[in-house]
Amino acid sequence: MPQNEEECHERIQNMCDTFHSSEFGATLQQQLLESDRKGPVPAFRERASIFLQVRTLLWRSSLDNLRNFSLIIGKTSQKIAMGLFLGLLYLQTMNWNEDLVGVSNLNGALFFLVCEFTYGTLFGVLSFLPSDFPLLVREHHDGLYDVSSYYIARTLSYFPLFSIDGVVMLTICYWMIGMAATTQHFLLTAFIGLLTEQSAAAFGVMLSTISSSYSIAVSITGPVLTVFSLTGGLYANIGQLPSFISWMQYLSWFRYSFEAMVINQWSDVATGECILLDCQKSESILTAYSFSISSFWPDIGALFASIVVFYVIGYIGLFIRVKLAR
Numbered sequence: 006m007p008q009n010e011e012e013c014h015e016r017i018q019n020m021c022d023t024f025h026s027s028e029f030g031a032t033l034q035q036q037l038l039e040s041d042r043k044g045p046v047p048a049f050r051e052r053a054s055i056f057l058q059v060r061t062l063l064w065r066s067s068l069d070n071l072r073n074f075s076l077i078i079g080k081t082s083q084k085i086a087m088g089l090f091l092g093l094l095y096l097q098t099m100n101w102n103e104d105l106v107g108v109s110n111l112n113g114a115l116f117f118l119v120c121e122f123t124y125g126t127l128f129g130v131l132s133f134l135p136s137d138f139p140l141l142v143r144e145h146h147d148g149l150y151d152v153s154s155y156y157i158a159r160t161l162s163y164f165p166l167f168s169i170d171g172v173v174m175l176t177i178c179y180w181m182i183g184m185a186a187t188t189q190h191f192l193l194t195a196f197i198g199l200l201t202e203q204s205a206a207a208f209g210v211m212l213s214t215i216s217s218s219y220s221i222a223v224s225i226t227g228p229v230l231t232v233f234s235l236t237g238g239l240y241a242n243i244g245q246l247p248s249f250i251s252w253m254q255y256l257s258w259f260r261y262s263f264e265a266m267v268i269n270q271w272s273d274v275a276t277g278e279c280i281l282l283d284c285q286k287s288e289s290i291l292t293a294y295s296f297s298i299s300s301f302w303p304d305i306g307a308l309f310a311s312i313v314v315f316y317v318i319g320y321i322g323l324f325i326r327v328k329l330a331r
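In our numbering, the protein residues as written are 6 to 331.
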């Protein structure tokens, strides 16, 4: 009150003193003091081992692939259809064309196999990251697992999906076309096809991780595959390419796969046995493409190297993107 200010102040002070001296006031004061105390720094939450992280994430990724069963059915059906088509297109081509036409047809079938191993795998893998990226960023920064564990598990989960279908296609068309009819030749061709698919998968993963969006990855893929296929050894002789563009063949797994398949097909008659009615020998067939029998194992090594390099670049790109995402 205007005329009793001092009396009012005393009354307020008495009320405060009474509250502080009361049991409730003392309890509240004690609680406030305890809340101000700093507790010990919480211990760092220990993550599971890398092996356990990879195993768990691989299980989750495999289940995710199995839930998308339509993709498995679609890919397998497509490869069966393409195997039948390719087998009928080049049906026993060497029996019908015992001349250079038969050789050209058979080599064309081999290059088509390389393309089929590549395109279906690469475009199937381009969706590797876009759908998972937000979940990966959140779970990694929450301390659940490392980027490397996710990357290893996810790439391993794709291995059966992009391997079995190629073997199915090759098994169907190999004998129909009339390629070298020994178990060794077939197994080597299947092995080269497997490396081709894994090279394409690694390249697709790399593009997926370094590209900011799926549309950008797709727009890059088309021109790159065109260049790689043109320098693959069928459309242009790799020994006659201009010097300013010849170096690009060494970046192309098309070239290594096609050369290895052609060598595997024709190398067993390198000692002088005639292949065709006009006594065409394997040396002349390989020379026409600037291929060499001695390049077979270097080609295999180059395919392994391309897989490793593409996956390493992909991991670096993914690691940087995840670290910058938060």
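All C-beta atoms, glycine included, are put in the ideal place defined by N, C-alpha and C.
Taken in chain order, the complete alpha helix (DSSP H) segments of 4 residues or longer contained in the region 136 to 184 are 138 to 146, 152 to 166, 169 to 182. The beta carbons of PHE315 and ALA207 sit closer together than 8 angstroms. Nearest neighbour of VAL173 by Cα position, chosen from GLU15, ALA86, HIS25, turns out to be ALA86. Of the residues SER26, GLY129, GLY237, the one whose Cα lies closest to the Cα of TYR255 is GLY237. Boundaries of the alpha helix (DSSP H) around ILE305: 301 to 329.
Collapsing the DSSP output to three states places SER297 in coil.
Note that the region 235 to 254 touches the region 292 to 304; at least 3 beta-carbon pairs, one per stretch, sit closer than 8 angstroms.
Secondary structure of LEU235 (DSSP, three-state): helix. With fewer than 16 neighbouring CB atoms inside 10 Å of its own CB, CYS21 falls in the exposed class.
Rounded to whole angstroms, the separation of the alpha carbons of VAL210 and LEU94 is 32 angstroms.
Between ASP137 and ILE55, the gap from beta carbon to beta carbon reaches 8 angstroms or more.
Following the DSSP letters along the chain, one finds ALA205 inside the alpha helix (DSSP H) bounded by residues 188 to 215.
Here LEU200 has LEU308 as same chain residues with Cβ atoms under 6 angstroms from its own Cβ, once five neighbours each way along the sequence are excluded. In the structure shown, GLN97 falls within a coil segment according to DSSP collapsed to helix, strand and coil. Annotated three-state conformation of ASN242 is coil, per DSSP. Under the 8 angstroms Cβ criterion, the region 164 to 173 counts as touching the region 119 to 131, having at least three qualifying pairs. Nearest to LEU161 by C-alpha distance, out of TRP64, ALA265, GLN36, PHE324, is TRP64.
Take LEU38, set aside five residues on each side of it, and no residue of its chain has a beta-carbon closer than 6 angstroms to its own.
Here ASN269 carries a helix assignment [DSSP, helix/strand/coil].
When C-alpha distances from GLN270 are compared across LEU193, PRO303, SER67, the shortest belongs to LEU193. By the neighbour-count criterion, in which 16 or more other beta carbons inside 10 Å mark a residue as buried, GLN18 falls on the exposed side.
With respect to the 8 angstroms criterion, ILE177 and GLY79 are not classified as neighbours on the basis of their beta carbons. Counting C-beta atoms within 10 angstroms of its own C-beta, SER224 has fewer than 16 neighbours from the protein chains shown and is therefore classed as exposed.
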